[in-house]
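In the working numbering, the protein residues as written are 334 to 781.
Laid out in structure tokens, this is it:
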């Protein structure tokens, strides 16, 4: 089986690599992009490589985003210099990666990634039984590197020496037509690296590109291959989907392509059975997208708390929230749900603990006990935002609590003391009227 897969991959790549195809070259000035729009650190790296006699270009998302008049998050550099040569040239660098060796050049907190041109020779590749590339230290030239990339819009090169954009794969035209097209047969490219399916979702959502029909069909056939990808890598890819300003659109496409069950199976179950779950997730992702647009921080922990809360809430629903055991039960269920999710997307422990703290502290907000102590909790702000999202998503009975905590936060010390006393007196009066033995229950979710 593995020999057949390798042969198919080789044939596919051979069919993608044209003989002596001439690239399209366009002066960068004609496209209104130049060095002044690129990161200073990236320009320094390109200048030094060029002065040392190496070919060097900027490639990928940095070039693509400049052409779309968007602000690139980072700039990637490619060169014919081998990783060891890059390491020798830059003392402020180190080599990373097992699947494909590359260099990171450090300028304070700024990191410039420098890769060597990839080649088309399979002799240096290592594949698993499904055809996924595990190691790929095969070097080549700029043309072979272009045809090894995933999508045509990511195979655009800004060549430093000529100050021009080089296009071997038709990426400029696809970008102009807002099309997302794989380089080569998508079924085999997704088999090489199943994460490319998630990248297709991300680029379609982020750039408002329309995937071609071949991509649609290939994802439908290949989705299960994501089960062979490292959960930690899937966590990182999910963070890119949801924390970079296009989370709502990405989530919608994950459901369209039926990839959500492979990343968040329990969330998918509650989406099908509980209508309020869809409203809550939509509100949470809209809030995240808005914060990114406003330049405000978003965290993986808050995202995790939002995506897994429907499952936690479903398992704990109906318990007596005023009992001492409820909080312990909430923590236990939260830990179980987080542990189960680690089988699919495995995040760092600090994110898991922060997500659980958000659930626990927002429960304390509901109880309003020891409000000063709750206000001083490091997770208070995130838990309060979480409670607001639940109210906005349809749990209208939580809105008075949101308003109470807003008033409490803004009050002076004497005012907070008075605010804290008044509800307590009301609770005591209710208990005297209704007699002993009454227990407080958690607010029931609105299905309206």
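We treat Cβ as the ideally placed atom computed from N, Cα and C, and that holds for glycine.
Predicted model only: the values in this text are computed from it and were never measured.
Of all C-beta pairs linking the segment 738 to 749 to the segment 705 to 722, three or more are shorter than 8 Å, placing the two stretches in contact. Ranked by Cα distance from residue 638, the options 706, 666 and 488 are led by 666. Between residue 597 and residue 559, the C-beta spacing is not below 8 Å. Linking residue 719 to residue 379 through their CA atoms gives a straight-line distance of about 45 Å. Only exposed fits residue 561, as fewer than 16 other CB atoms lie within 10 angstroms of its CB. In this structure residue 425 is exposed. Its beta-carbon is surrounded by fewer than 16 other beta-carbon atoms within 10 angstroms.
Annotated as distal: residue 471 and residue 441, with beta-carbon spacing of 8 Å or more. Ranked by Cα distance from residue 635, the options 643, 617, 709 and 626 are led by 617. Within the same chain, Cβ atoms closer than 7 Å to the Cβ of residue 447 are found at 378, 410, 412, 419, 435, 436 and 438, the five residues on either side in sequence being excluded. Just so you know, the alpha carbons of residue 722 and residue 753 end up roughly 23 Å apart. The beta carbon of residue 624 lies closer than 6 Å to those of 631 in the same chain, with the five residues before and after it left out. DSSP, read as helix, strand or coil, puts residue 585 in helix.
In this structure, residue 516 sits away from residue 530, with a CB-CB distance that is not shorter than 8 Å.
Annotation for residue 384: the continuous alpha helix (DSSP H) segment containing it runs 373 to 384. Residue pairing for residue 492: DSSP places it in a beta bridge opposite 390 and 497. Rounded to the nearest whole angstrom, the CA to CA distance from residue 574 to residue 532 is 8 Å. DSSP places residue 360 in the uninterrupted beta strand (DSSP E) bounded by 357 to 360.
Boundaries for residue 602: no beta strand (DSSP E) harbours it, while the alpha helix (DSSP H) harbouring it runs 598 to 606, taken from the DSSP string. Around the beta carbon of residue 519, 16 or more other beta carbons lie within 10 angstroms, which makes this residue buried.
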